[in-house]
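Enquirer: Residues in the sequence shown are numbered consecutively from 4, following the working numbering. Positions of the beta carbon are idealized from the N, C-alpha and C atoms, including for glycine. Given the structure is predicted, the values throughout are model-derived calculations rather than measurements. Could you have a look at this structure, given as structure tokens, before my questions?
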Amino acid sequence: MTLKKFFLLVAAMVLAFALAACSNDEESSADGENGGSTDNTESDNESDNTDNAGNGDNVVLDFWVFGSTGYDQLIEEYKEVNPNVTINFNEGEMNDMHNNLFTSLSAGSGAPDIAMVEVSEVAKFLEASGQFYNLNDYGAADVAGNFLDWKWQQAQSVDGSFQLGLPTDIGPTTMFYRTDVIEEAGLPTDPEALAAEIATWDAYYDAAKTIKEATGKPISDSPMLLFNSIRDQQSQQYFNEQDELIIEETVKEAYDFTTKLLQEDLVGQNALWTPEWGSAMEDGSYAILPGAPAWMIGNVKGNAPNSAGKWSLTTIPEGAGNWGGSFLTIPAESDHPEEAFEFIAWLTAPEQQLKSFHSMGLFPSAPSVYEDEAFLATTDEYFSGAQTAKIFAEAAESVVPVYMGVNYSIVNTELETAIMNVAVEGADPQGEWDAAVQRIEQQLSRQ
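This is the structure we're talking about:
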């Protein structure tokens with residue numbers, strides 16, 4: 004991509020993100036990164052001592068992250084063995100951080116040495132790969148084996164020649180459920196037994212009818228979570244690697260399944276991140292929250308503080324997808340790419356990922372962590388004592404790589420509009436699909 008095209012892309016995206024930040028702050032923080040607006044700077048004890056970072060000279064690295072990561076604590080550990088490296092830690096809200104990074108890259112100044120990029124934004128930054136260091140040039144191949152293959156590929160060019168970032172956390176999807184509603188419907192409440200009972204999407208449909216008949220409640224209150232759950236299990240979703248729109252072949256079946264359950268009144272109407280969606284977690288007005296990633300645990304606990312022991316979780320029918328997670332990148336403006344890479348390689352190593360899991364709940368993308376006995380023994384009494392780490396680890400290892408494409412959000416927004424029109428207005432599913440496809444094609448033609 005030429006610099007001129009990159010700047011045009013940046014200008015458009017800054018505007019889009021600014022609008023999204025104004026209208027959807029709650030969704031941003033709910034994507035597994037509980038973002039805040041406070042900037043915290045860590046600057047400490049520059050020293051003449053030499054160590055294994057670079058050539059031993061004093062180095063200052065600016066580090067931008069979003070959400071509550073706990074990385075400021077790990078930075079202190081790193082500085083104990085690398086006293087010549089000072090890391091200025093700037094933690095903010097996800098949309099703001101991405102907007103600021105776009106603006107800095109556009110201006111050619113102001114970018115940090117290290118920037119966190121959320122998985123949904125990776126394709127856009129890969130389009131402007133000339134504005135970042137290729138981590139393959141700094142030893143990425145030496146650490147690639149630390150990570151799940153599908154996670155590694157998310158930040159890689161199609162031909163594998165460019166590695167944009169090193170993986171941090173992931174969001175493997177599972178199925179949260181209300182044990183009281185499941186029991187009232189006569190279904191098993193034990194996680195393994197329920198997973199066996201609802202092992203396919205056809206079985207999910209049958210369970211939806213059983214739950215509705217026995218309790219009068221829908222199996223899920225959110226049509227988008229159902230659609231997302233099936234979509235995210237596909238190896239191809241909205242675009243192929245040539246950026247051709249392929250939704251008719253890949254996600255139309257998920258759309259049809261979702262709208263079928265809507266028309267049969269087996270799924271509720273709540274849109275994600277609304278007050279109604281949150282309060283339903285406490286009310287027990289539905290049975291299953293499908294497609295729930297590891298970070299959703301905090302969301303459920305926050306919305307339903309009085310429902311401890313009424314929730315549990317198990318595997319989702321027919322596999323798992325991934326929702327959320329990030330990468331650490333090194334913008335080309337950095338004067339210290341070697342030291343920056345050495346730090347992010349340390350920060351994302353299995354040992355540090357395990358610490359981040361225990362301290363902040365960031366689910367590891369390093370599969371060797373899944374063999375740790377203490378990790379596997381993690382349970383959550385709020386979720387009826389379920390082996391949460393084990394269940395999420397099994398889900399993580401079943402995820403398949405997906406190419407998202409730079410225009411992923413355009414398609415997703417229009418399909419969400421179509422599904423919610425069916426849910427709330429009772430619109431015709433095929434008519435809504437056709438209208439959504441037309442809007443998508445019009446927008447893509449202008450890209």
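Confirm, please, whether the CB-CB distance from GLY327 to VAL122 is below 8 Å.
Expert: Yes, the Cβ-Cβ distance between VAL122 and GLY327 is below 8 Å.
Enquirer: Hey, how far is the Cα of SER109 from the Cα of GLN450?
Expert: Rounded to the nearest angstrom, the two C-alpha atoms are 18 Å apart.
Enquirer: Check whether the stretch 87-99 touches the stretch 371-389, counting contact only when three or more Cβ pairs, one atom from each stretch, lie closer than 8 Å.
Expert: Touching, no.
Enquirer: In chain order, what residues of the same chain lie with their CB nearer than 6 Å to the CB of GLY39, ignoring the 5 residues before and after it?
Expert: Residue confidence for GLY39 is low, a pLDDT of 33 falling below 50, so the modelled location carries little weight and cannot support an answer.
Enquirer: Please return the same chain residues whose Cβ sits closer than 7 Å to the Cβ of THR218, not counting the five positions on each side in sequence.
Expert: Contacts found: VAL184, GLU187 and ALA188.
Enquirer: Among ILE333, PRO320 and THR416, which has the Cα closest to the Cα of MET119?
Expert: Measuring from the Cα of MET119, the nearest candidate turns out to be ILE333.
Enquirer: Count the other CB atoms, across all protein chains shown, that sit within 10 Å of the CB of GLU342; report buried if there are 16 or more and exposed otherwise.
Expert: By the 10 Å Cβ count, GLU342 comes out buried.
Enquirer: Alpha carbons only, please: which of PHE344, GLN245 and GLY111 is nearest the one belonging to LEU64?
Expert: Taking only the C-alpha atoms, the option nearest LEU64 is PHE344.
Enquirer: List the residues that DSSP assigns as beta-bridge partners of LEU331.
Expert: For LEU331, which the question treats as bridged, DSSP gives the partners MET119 and LEU169.
Enquirer: Within 10 angstroms of its Cβ, does GLN159 collect 16 or more other Cβ (buried), or is it exposed?
Expert: Per the 10 Å Cβ criterion, buried.
Enquirer: My output table needs one value for ALA399: the three-state DSSP class, helix, strand or coil.
Expert: Three-state result, ALA399: helix.
Enquirer: Find out if the Cβ-Cβ distance for the pair THR177, ASN325 is shorter than 8 Å.
Expert: Not a contact, by the Cβ cut-off of 8 Å.
Enquirer: Measure the alpha-carbon distance for TRP314 versus ASN137 and round it to whole angstroms.
Expert: Using only the alpha carbons, I get a separation of about 44 Å.
Enquirer: Which residue comes first and which comes last in the alpha helix (DSSP H) that contains ILE443?
Expert: Residues 432-448.
Enquirer: Which residues in the same chain have their Cβ closer than 8 Å to the Cβ of TYR81, if we skip the five residues on either side of it in sequence?
Expert: Result list for TYR81: VAL88, ILE90, PHE346, TRP349 and LEU350, in chain order.
Enquirer: Suppose you measure from the CA of VAL427 to the CA of VAL270; what does that come to, to the nearest Å?
Expert: Taking the straight line joining both Cα atoms gives about 11 Å.
Enquirer: Taking 8 Å as the threshold (C-beta atoms), are GLY287 and ASN306 in contact?
Expert: Going by C-beta atoms, ASN306 is not nearer than 8 Å to GLY287.
Enquirer: Going by C-alpha to C-alpha distance, which of LEU248, TYR180 and LEU129 sits closest to ILE443?
Expert: Among LEU248, TYR180 and LEU129, the Cα nearest to that of ILE443 belongs to LEU248.
Enquirer: Measuring CB atoms only, is the stretch 143-159 touching the stretch 226-236, in the sense that at least three cross pairs come out at less than 8 Å?
Expert: Cβ pair count under 8 Å is below three, so no.
Enquirer: Helix, strand or coil for ALA295, going by three-state DSSP, please let me know.
Expert: The answer is strand: DSSP assigns ALA295 an E or B state.
Enquirer: Which value, in whole angstroms, describes the spacing of the CA atoms of ALA335 and GLN245?
Expert: Each residue's alpha carbon lies about 26 Å from the other.
Enquirer: Given that a residue counts as buried once 16 or more other Cβ atoms are within 10 Å of its Cβ, and exposed if not, what is PRO170?
Expert: So PRO170 ends up on the buried side.
Enquirer: Considering PHE66, what are the terminal residues of the beta strand (DSSP E) in which it resides?
Expert: From DSSP, the beta strand (DSSP E) with PHE66 extends over 62-69.
Enquirer: DSSP state of MET178, grouped into three classes?
Expert: Correct three-state label for MET178: strand.
Enquirer: Report yes if the C-beta distance between GLN356 and VAL372 is below 8 Å; otherwise report no.
Expert: Contact: yes.
Enquirer: So, helix, strand or coil for GLU83, using DSSP?
Expert: Three-state result, GLU83: helix.
Enquirer: Grouping DSSP H, G and I as helix and E and B as strand, with all else coil, what is LEU190?
Expert: In the structure shown, LEU190 sits in coil (DSSP, three-state: anything other than H, G, I, E or B).
Enquirer: Please tell me whether GLU397 and THR317 are closer than 8 Å, where the distance is taken between their beta carbons.
Expert: Against a cut-off of 8 Å, the Cβ pair of THR317 and GLU397 comes out as no contact.
Enquirer: Bridge partners for PRO320 per DSSP, in chain order?
Expert: Answer is none; PRO320 lacks a bridge partner.
Enquirer: Please state whether the Cβ-Cβ distance between ILE422 and THR213 is less than 8 Å.
Expert: In this structure, THR213 does not lie closer than 8 Å to ILE422 by Cβ.
Enquirer: Just to confirm before moving on: does the CB-CB distance between SER368 and GLY294 stay below 8 Å?
Expert: No.
Enquirer: For THR72, count neighbouring C-beta atoms within 10 Å of its own C-beta (all shown protein chains included) and say buried if the count is 16 or more, exposed if not.
Expert: Buried, because 16 or more other Cβ atoms sit within 10 Å of the Cβ of THR72.
Enquirer: Where in the stretch 211-265 do unbroken runs of the alpha helix (DSSP H), each at least 4 residues long, occur, reported from the N-terminal end onward?
Expert: DSSP runs (the alpha helix (DSSP H)) wholly in the stretch 211-265: 226-234 and 250-253.
Enquirer: If GLY174 and GLN236 are in contact, beta carbons under 8 Å, what's the gap, nearest whole angstrom?
Expert: That belief does not hold up - the Cβ atoms of GLY174 and GLN236 are roughly 14 Å apart, past 8 Å.
Enquirer: Use the C-beta contact count for ALA290: other C-beta atoms within 10 angstroms, 16 or more gives buried, fewer gives exposed.
Expert: The residue in question, ALA290, is buried, as its Cβ has 16 or more Cβ neighbours within 10 Å.
Enquirer: Would you mind sorting PRO479 into buried or exposed? The rule is 16 or more other CB atoms within 10 Å of its CB.
Expert: For the chain, the structure presents residues 4 to 450; residue 479 sits outside this window and is missing.
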